[in-house]
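In the numbering used here, the protein residues as written are 10 to 93.
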Amino acid sequence: MTATAPATGYDRADWASAFRNVGVELDGVPITAARGAIPPELQGTLYRNGPGRLERGGQWVHHPFDGDGMITALRFADGRAELR
Numbered sequence: 010m011t012a013t014a015p016a017t018g019y020d021r022a023d024w025a026s027a028f029r030n031v032g033v034e035l036d037g038v039p040i041t042a043a044r045g046a047i048p049p050e051l052q053g054t055l056y057r058n059g060p061g062r063l064e065r066g067g068q069w070v071h072h073p074f075d076g077d078g079m080i081t082a083l084r085f086a087d088g089r090a091e092l093r
């Protein structure tokens, strides 16, 4: 059995960004498609749960599960999308 090394290494700055506090909460920000268009048939909301705040009053948590969570909603309707 042989192991193959990953094609590219990971970017440490990208990895570390998962451990930053959310600076600004967004509400109703329109999202545009990078390519093409959002199909008008796509209707509904995608909810994601993840870390929001990992520090309060100068005290950092030791694990993301110990911090405050944040729910992100991506809503699709009528060929448009918005982030909440």
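The beta-carbon is built from N, C-alpha and C at its ideal position, and this holds for glycine as well. Treat the numbers as computed from the prediction; the structure is a model and nothing was measured.
Cα-Cα separation, residue i to residue j
i                : j             : result
asparagine 58    : isoleucine 40 : 19 Å
tryptophan 69    : asparagine 30 : 10 Å
threonine 13     : glycine 78    : 36 Å
arginine 65      : glycine 32    : 13 Å
leucine 92       : valine 38     : 5 Å
glutamate 34     : isoleucine 47 : 24 Å
phenylalanine 28 : methionine 10 : 36 Å
glycine 18       : tryptophan 24 : 11 Å
isoleucine 80    : tyrosine 56   : 7 Å
glycine 67       : arginine 89   : 39 Å
Sheet register partners of residue i (DSSP bridge)
i            : result
glutamate 91 : Pro39 and Arg84
Extent of the continuous alpha helix (DSSP H) run through residue i
i           : result
arginine 29 : No alpha helix (DSSP H) contains arginine 29, which DSSP labels as neither H nor E.
alanine 22  : 21-25
Inset, instruction - May I have a chain-ordered list of the alpha helix (DSSP H) segments no shorter than 4 residues that lie completely inside the segment 45-82? - result: none
Inset, instruction - Kindly confirm or deny that the segment 77-85 and the segment 44-57 touch, where touching means at least three C-beta pairs closer than 8 Å. - result: yes
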